[in-house]
Every structure is written in C-alpha cells, then in structure tokens.
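A quick write-up on the structure given underneath.
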Amino acid sequence: MFDYVVVVVSEDLEVGKLELSSLRDDVLLNSILVPVSESAWNGAAGNGLGTLFAIENASNAIGKDLVEEVKQRG
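Under our numbering, the first residue of the sequence shown carries the number 86, and numbering increases by one thereafter.
Shown next as structure tokens:
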C-alpha cells in the first residue's frame, strides 16, 4: 500500500483523536498514519506551500525526513 499516510486536520485535538482511532487497523494495513494539524499554517489554501508545511510537520512528528524515507523505500 503506502509507506505513510499523512492526514491534515484543522485542530491539534483532532490529531490525538486520529492517533487513537481504529482507522489504523481497518484501512491503513501496513501503512504508518501520521496525523498533523494545520493550526499553525497562516497561508492561503491551494498554493502547494500548505502541502509542504504538512510534510514538514509529518517529518517532525515521526522524527525522520519523510521525503527521504519514501525515496529510500523506492
């Protein structure tokens, strides 16, 4: 399937809820769920920078460079 599934939510509280949800077992199979909050994002939607912001937050959440992790797995 996927190495990582990054889910962006609007509030930090929602991150905790996703981390505890059964979604991980039911849908993700062997993928790693990385929920991140957009609450610190001050930019406009739809410009691509928000996606980079989410990837940076996801990398911080897992303690690894997410882009490099995916590149290594091919």
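Glycine included, C-beta positions come from ideal geometry on N, C-alpha and C. Computed from a prediction, not measured in an experiment: that's the story for all the values here.
Judged by DSSP secondary structure, residue 100 falls within the alpha helix (DSSP H) whose first and last residues are 97–105. One thing to note: residue 116 has its Cβ within 8 Å of the Cβ of residue 90. For a cut-off of 8 Å, the C-beta gap from residue 113 to residue 103 is around 11 Å, too long to register as a contact. Membership of residue 152 in the alpha helix (DSSP H) is indicated by the continuous run 151–158. If you draw a 10 Å sphere on the C-beta of residue 140, you find 16 or more other C-beta atoms in it, and that means buried.
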